[in-house]
Each structure stands twice: as C-alpha cells, then as structure tokens.
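Trainee:
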Amino acid sequence: MTDHRRAFIKKSVALSAYAIIAPGGLLASAESKATERSDSLSTNNLQQTLKRLFKDQDIIASDQIDIQLPKIAVNGAAVPITITSTLKNIESIAILIEKNPTPLAAKFELSPDLDPFVSTRLKITESSVVMVIVESSEGFYSAREKVIVTLGGC
Amino acid sequence: MSNIKIRTKRQDEKTQIRMLIAHPMEHGRNRDAKTHALIPAHFIQELTVKLNKTLIITAKTGAGIAKDPFFAFMLRGGNIGDKLTVSWLDNLGNKETQVHIIK
Numbered sequence: 001m002t003d004h005r006r007a008f009i010k011k012s013v014a015l016s017a018y019a020i021i022a023p024g025g026l027l028a029s030a031e032s033k034a035t036e037r038s039d040s041l042s043t044n045n046l047q048q049t050l051k052r053l054f055k056d057q058d059i060i061a062s063d064q065i066d067i068q069l070p071k072i073a074v075n076g077a078a079v080p081i082t083i084t085s086t087l088k089n090i091e092s093i094a095i096l097i098e099k100n101p102t103p104l105a106a107k108f109e110l111s112p113d114l115d116p117f118v119s120t121r122l123k124i125t126e127s128s129v130v131m132v133i134v135e136s137s138e139g140f141y142s143a144r145e146k147v148i149v150t151l152g153g154c
Numbered sequence: 001m002s003n004i005k006i007r008t009k010r011q012d013e014k015t016q017i018r019m020l021i022a023h024p025m026e027h028g029r030n031r032d033a034k035t036h037a038l039i040p041a042h043f044i045q046e047l048t049v050k051l052n053k054t055l056i057i058t059a060k061t062g063a064g065i066a067k068d069p070f071f072a073f074m075l076r077g078g079n080i081g082d083k084l085t086v087s088w089l090d091n092l093g094n095k096e097t098q099v100h101i102i103k
C-alpha cells in the first residue's frame, strides 16, 4: 500500500513538473523562431537594398563619419539625424534604416561645392540600426548608430 | 498643394541651406482611421537643388523620410544674390519648384 502511494506521488510530481516545463519550452522555441524569421527577413531586406545600390562593392566601416541621432526617440515618426564627415571628395551619402520595410530612406548626391553635411528627419518603425554609407572617390565607407524607438513611426 | 520654404544663413565663407517642404510622405501601409482603407503611397522621390544654373544636390528620397520633410545642407561659398532653385517630384508625378535668393 505504502509502495503504491509513493509511486503515485512520484509520478504525479514528475507529471506536474513536466506540465510546467513543457509549455514554457514550446513558447520559448516559438518565440525564438519568430525573432529568427523576422531578423533574417529584415537583414535580407537590408542586404538586398545594399546589393542593389552598391552592387558588390566593398563597404568599409569608418570612424570618420559622425552620425548625430537621439539614443531614444519617443516618436519614430520624426527622428532628427545629422551626418557629418571628415572624408574627402564625397560623392553621395545614403541613409538606411535596418528594420524599416523599405530600408533606404534617402540617398543624397552632393557636388564638390558642398560640405559633407546632411541633416533631415526620418521615419523609423521600430528600434533599429541606422546605417550611413558615404561614397567618396576612394570607395565606400559606412557608419552605424542604434536608435531605440518607443512609439513606432507608421 | 504643398509649398517649399527655404532659408539660408551665411557663416564663415559657408552657406547653410535649410528647406522645409509640406508633403504627406505616405508610404502606402497606413490605413485611414475612419474607413480603414489603405492610404495610397504618396511621397517625394526626387529632390534637386541648383545653385544659379549648376546642379549641386540630387536626392533620391523614399517614404522613410518623415512627413513634411526637412533637409539641411552646407554649401562652400555662396554669395549674396546667388540663386537657389529647389524642386521636387513625387511618385504621383506632382512637382514643385521654388527659387530663393541668398541674402
């Protein structure tokens, strides 16, 4: 009798523990899959845009590009951005927002009469990385800046 | 229709050009609050700036630019009396041009 009871308790404990773990496990895997999917999608988007814009050119990360962007944007509908650079012979400046459905926000082609300076306001749907690609006569340079958006700019 | 406001400021041999354009910049994924119908995309695709007769800026813009777009640029030089011509073209074929004289 006591044996039976022990066995029953053991089983029930094991079962309940399993019941607690199982849904958590399922949920977690579903979540990670979802983020995986959206990540790959957005990077695909960005990668595609980059490929379309710059073909297979090498883009070098550079610290000579300065992006002024708020760390936290309360309203994603209008996020001010100012880009300055000390690079020479600049031909164009492109602004890309990684998580936006259309990553490319704008591409400015500047004549040699202009300083490497552009300021504008962006629409950012969710917290994302803003990438700036500067094309100079020597090649392509990029800089990245993160922005946290509390209210998406749709 | 929309209009373009242009301001310039000369400082240390440079001229800052600022422009504000009234435009909805709809990207086509928003819905009308009342009818829930999709609002068609309507955004500026191309912006050009000319100094006198030479083209100095060409910008390809998308709906990632905020509503009522603002742009600022820094021009090396720029004299009193120089003529700036700003024009834009949107995806529906609308266009507008505004002339500004640097003071």
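For the protein sequence lines, the chains are A and B, in the order given. Quick note: the first sequence uses the numbering used here, first residue 1, plus one each step. Quick note: the second sequence uses the numbering used here, first residue 1, plus one each step. Here a beta-carbon is modelled for each residue, glycine too, at the ideal position from N, C-alpha and C. Note that the coordinates shown come from a computational prediction; the quantities given were computed from them, not determined experimentally.
When the cut-off is 9 Å and only beta carbons count, does lysine 107(A) lie next to chain B?
Mentor: With 9 Å as the cut-off, lysine 107(A) counts as an interface residue toward chain B.
Trainee: Ignore the nearest five residues each way along the sequence and tell me which others in alanine 37(B)'s own chain have a CB closer than 8 Å to its CB.
Mentor: For alanine 37(B), where only same-chain residues beyond five positions count, the Cβ hits under 8 Å are Arg31.
Trainee: If you draw a straight line from the C-alpha of lysine 103(B) to the C-alpha of leucine 75(B), how long is it?
Mentor: Each residue's alpha carbon lies about 14 Å from the other.
Trainee: Going along the chain, which residues of the segment 92-107 of chain A sit with their C-beta nearer than 8 Å to a C-beta in chain B?
Mentor: Those would be Ile95, Ile97, Asn100, Pro101, Thr102, Pro103, Leu104, Ala105, Ala106 and Lys107, in chain order.
Trainee: With respect to the beta strand (DSSP E) encompassing glutamine 45(B), which residues constitute its N-terminal and C-terminal limits?
Mentor: Per DSSP, glutamine 45(B) belongs to the beta strand (DSSP E) from 44-51.
Trainee: Near threonine 85(B), which residues of its chain fall below 6 Å by C-beta distance, leaving aside the five closest residues on each side in sequence?
Mentor: Excluding sequence neighbours, threonine 85(B) sits near Lys50 and Val99.
Trainee: Beta-carbon separation of isoleucine 60(A) and leucine 69(A) under 9 Å?
Mentor: No, they are not a contact pair.
Trainee: Identify the residues that DSSP records as bridge partners of asparagine 75(A): which are they?
Mentor: DSSP output for asparagine 75(A) lists Leu151(A) as bridge partner(s).
Trainee: Cβ of aspartate 66(A) less than 9 Å from any chain B Cβ?
Mentor: Aspartate 66(A) does not count as touching chain B.
Trainee: Roughly how many angstroms separate the alpha carbons of isoleucine 97(A) and alanine 7(A), rounded to a whole number?
Mentor: Taking the straight line joining both Cα atoms gives about 59 Å.
Trainee: Counting contacts by CB-CB distance shorter than 9 Å, is alanine 33(B) in contact with chain A?
Mentor: Chain A contact via Cβ: absent.
Trainee: Which chain B residues are close to valine 129(A), counting only those with a beta carbon under 9 Å from its beta carbon?
Mentor: Neighbours of valine 129(A) on chain B: none; closest Cβ ~14 Å, over 9 Å.
Trainee: Tell me aspartate 113(A)'s beta-bridge partners as DSSP assigns them.
Mentor: In the DSSP output, where bridge partners are listed per residue, aspartate 113(A) has none listed.
Trainee: Going straight from the alpha carbon of proline 101(A) to that of leucine 110(A), what length do you get?
Mentor: Cα-Cα distance, rounded: 26 Å.
Trainee: Hey, is isoleucine 80(B)'s beta-carbon within less than 9 Å of any beta-carbon in chain A?
Mentor: Taking Cβ atoms only, chain A never reaches closer than 9 Å to isoleucine 80(B), which makes this a no.
Trainee: In whole angstroms, give me the CA-to-CA distance for phenylalanine 117(A) and lysine 34(B).
Mentor: Cα to Cα, the separation comes out at about 41 Å.
Trainee: Look at the alpha carbon of alanine 78(A) and the alpha carbon of proline 103(A), and state the distance between them as a whole number of angstroms.
Mentor: Going by the C-alpha atoms only, they are around 16 Å apart.
Trainee: Taking Cβ to Cβ, would you say leucine 47(B) is nearer than 9 Å to isoleucine 80(B)?
Mentor: No, the pair does not count as a contact, with Cβ atoms beyond the cut-off.
Trainee: Please classify arginine 121(A): does DSSP put it in a helix, a strand, or coil?
Mentor: It is a strand residue.
Trainee: State the Cα-Cα distance for the pair asparagine 91(B) and glutamate 26(B), rounded to the nearest angstrom.
Mentor: Cα to Cα, asparagine 91(B) sits roughly 10 Å from glutamate 26(B).
Trainee: Would you be able to state if there are at least three C-beta pairs under 8 Å between the segment 7-15 of chain B and the segment 54-64 of chain B?
Mentor: In short, these stretches do not touch, since the Cβ pair count stays below three.
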